[in-house]
Structure formats: C-alpha cells, structure tokens
Amino acid sequence: MPELPEVEVVRAGLHPAVTGAVIERVEVLEPRSLRRHDGPVDDFVDRLREATILSAVRRGKFLWFPFAAADGDTSHALVAHLGMSGQVLLRERHADDDRLLRIRLDLAHPTRGDIRLAFVDQRIFGSMALDTLEPTPDGEPAGYSGSGLLGHDAEQGDEPQDPAPWLSSIPHQVAHIARDPLDPAFDEHAFFARMASRGSGVKRALLDQGLVSGIGNIYADESLWAAKIHFDQPCASLTRSRVKLLLVEIRAVLYKALAEGGTSFDAQYVNVNGQSGYFAHSLNAYGQQGKPCPRCGTPIKRVSFMNRGSHFCPQCQRLR
DNA sequence: CCCCTCACCTGATCGC
DNA sequence: TGCGATCAGGTGAGGG
C-alpha cells in the first residue's frame, strides 16, 4: 500500500472535496469490500444516506470520515483502509466506472456540486466500514485532519486545532493502532521502552502497527538503509541512541515521500485524482537489488523475510 | 502480553 | 498463445 505518505496524499486530496458534502447515494458492487463492516450491506448503505461528512482524518495507514447521520448523530465514522491495492478516487458524478470499482459514493458538495468517491481495489485486502467513535485515551486529536498535506508550509500554523469533539475520537477498530511518528502526540518514550524490551528483529518491529504506525515494507527498508541497520538486528541489541537515530531517519524518509507526493511504482498507486506519483526514482534500497548502494557502491541485496522482500546494503547494514 | 505463521484475494508478469 | 509459478506497498485471527 499505500503507506503513510500515500494515504496522506489521498486524505489531503479528499479533505476539501468531502468536508461538508452530503452523501446522496451509496452502491456496494463488491460485498467483500465491507469485510470490516459489522453488519449487512444494506445497513452500510442506509446509514450513510443523507449523512454529512465532517472531515477526513488519518492515523498511520487508516483513513476515516466522521459524519453527521441524517438524524444528526455524530457518533460514527466511515473508515477506509486501502490494504495493498486500494484507492479512493475523486470522480465526476457521471464518470464511467473504474475497472476494479468496489464501492461508489455519490456526494453533493455545497460549492463543488455533484461529485463521486470511487473505492477501487484489486485484491480486496482494503475495505470500508462504519464504526463507532470513542474518545482517545489521552484526549489528543486521534489523527491528522488538516485541510492540506501534512508538513506543507501553506498548511503549517495557519490552522488552529479544530476542537470539534469528533476529532479527538477514534474509530473502535483503529484504537489499537499506535500513533504514527509524524503525530505531535507520538509517545517517543513509550516507543523507546517497547523497543528495548522487544525480542524480535528491528524490521518486524517497524512493521508492527501497534508499536508505531504508518511504516510498510518500502519505508522500513529505506529507513533502515538510512540508519545503517540490518533488518534482522534484534531490537533489544540497539542502543537508545541508535533507536533515536532510526526514528530521525524514519521521519526524514516519510517527510521526503510526502514532499514528493507519495510513491508509485506502477499504475496501481495513484493519487486522489488518479494521477501517478513519482517517488520511485529516489529510493535507495527498496527494489534496488543488484544496483550499487548510493553510499558505498556495494550491490544492494534482496532476501526473503516475513514472506516479503527485504532490501539492504550488505556492507553498510551488517548484522552485529 | 509477546511472538510468529497463516489466511485473506486478484491481476500482472515471466519463463517455459 | 497458453499455462503455471511467482510476486505485489497489509492486517488480524489464532496458535504457542
């Protein structure tokens, strides 16, 4: 997937188009795309009808849209996860269906008029669902909900935190996901403590969304390359300063990807308007097997780990 | 709680 | 051209 930067690009693209919009019609073409919805298809459809979307929020790779139901109730959100291959595309109301369209939401926006959200997903690992909102334990905003792309200057500072109660609430099924490293309320001390007591290798830890969210296979490999750490180095063997360095590199990698609009290796991963991203050329390790390490020239290796590829420089990233 | 394996899915591509 | 094998950016249930 879509890892944090790609999901944030989608969220930022959707936010201005969906906030304040009324859902006029919902069609579920693939019921399996509601796997995480606790109820029948009709329940999903009926409860969204005439609802007004209040915001677009993201934590890690989870995206959700708090809404006011037709009766005014604001205790629920529409949750979306893109899985490996999902997209939420903004379309014109009467556009032809995309090839792998699973769910269609027709919206009426006060200034943008009639638009459509198309949930497209090849592998159906992604999903949409309605879920109850519950208060965050720390009372902080549950995720990022700015009107612009996270980290972009135009957005910084000019947006006082919206005190709307639904923004300090999190969907029940997202509550176990840790805050992501770009979240101002990310608990660094808890992260260091849990890393120190973990028995697994460091990449496995980075991919554990309950420990730190938003990182997937690409950015795990890129961050570990930047920090010169082997993917299977035991967490507990890393000094606190090495873990701090790793966190710095993780943030740098995520911000860089955000600045470039998210990565996209093939037509599968596209931004909210269906346009391809363009970050692939600046990857240092992921997918670079056989090519010289940009730091030392040693060929990058690819090995199978956790049933997926791990890419690293055997010279810079030694197991020790 | 922690840790690991596996199931869940389709479609594109590659080698024969 | 066909066909099987392989691969793809994730998550969570369920076992030890």
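Last residue of the first sequence: 325 in the numbering used here, with the numbers rising by one and none dropped.
Glycine residues also receive a C-beta, built at the ideal position from the N, C-alpha and C atoms.
Which term fits residue i, buried or exposed, when burial requires 16 or more other beta carbons within 10 angstroms of its beta carbon?
i: residue 318; result: buried
i: residue 328; result: Residue coverage of the chain in this structure runs from 6 to 325, which leaves residue 328 outside it and unanswerable.
i: residue 26; result: buried
i: residue 57; result: buried
i: residue 99; result: exposed
i: residue 225; result: buried
i: residue 229; result: buried
i: residue 215; result: exposed
i: residue 186; result: buried
i: residue 188; result: buried
i: residue 295; result: exposed
i: residue 133; result: buried
i: residue 163; result: Because residue 163 carries a pLDDT of 48, less than 50, the predicted location of this residue cannot be relied on, and the following value inherits that uncertainty. Per the 10 Å Cβ criterion, exposed.
i: residue 308; result: exposed
i: residue 263; result: buried
i: residue 148; result: buried
i: residue 18; result: buried
i: residue 301; result: exposed
i: residue 136; result: buried
i: residue 10; result: buried
So, with DSSP's three-state summary, where would you put residue i?
i: residue 187; result: coil
i: residue 260; result: helix
i: residue 125; result: strand
i: residue 310; result: strand
i: residue 182; result: coil
i: residue 84; result: strand
i: residue 2; result: Since the displayed the chain opens at 6 and closes at 325, residue 2 lies outside it and no answer follows.
i: residue 20; result: helix
i: residue 246; result: helix
i: residue 163; result: In this predicted model, residue 163 has a pLDDT of only 48, less than 50, meaning its place in the structure is not dependable; the value taken from the coordinates is given anyway. Coil at residue 163, not helix or strand.
i: residue 239; result: strand
i: residue 287; result: helix
For the beta strand (DSSP E) that residue i lies in, which residues bound it at each end?
i: residue 101; result: Unbroken run through residue 101: none, as it is neither H nor E.
i: residue 133; result: 132–140
i: residue 194; result: Careful: residue 194 lies outside any beta strand (DSSP E), inside the alpha helix (DSSP H) at 193–201.
i: residue 173; result: No beta strand (DSSP E) contains residue 173, which DSSP labels as neither H nor E.
i: residue 300; result: Careful: residue 300 lies outside any beta strand (DSSP E) and carries neither H nor E.
i: residue 110; result: 106–114
Need the endpoints of the alpha helix (DSSP H) that residue i sits in, please.
i: residue 209; result: 207–211
i: residue 229; result: 222–232
Between residue i and residue j, which are expected to be in contact by the criterion C-beta below 8 Å, what is the C-beta distance as a whole number of angstroms?
i: residue 145; j: residue 210; result: Actually they do not touch by this definition, with Cβ atoms about 23 Å apart.
i: residue 139; j: residue 66; result: Not really, about 20 Å apart at Cβ, beyond 8 Å.
i: residue 15; j: residue 277; result: 5 Å
i: residue 265; j: residue 287; result: 7 Å
i: residue 20; j: residue 61; result: 4 Å
i: residue 112; j: residue 126; result: The pair is not a contact, with the Cβ atoms about 19 Å apart (cut-off 8 Å).
What runs of the beta strand (DSSP E), each 3 residues or longer, lie entirely inside the segment 22–82?
27–33, 62–64, 67–73
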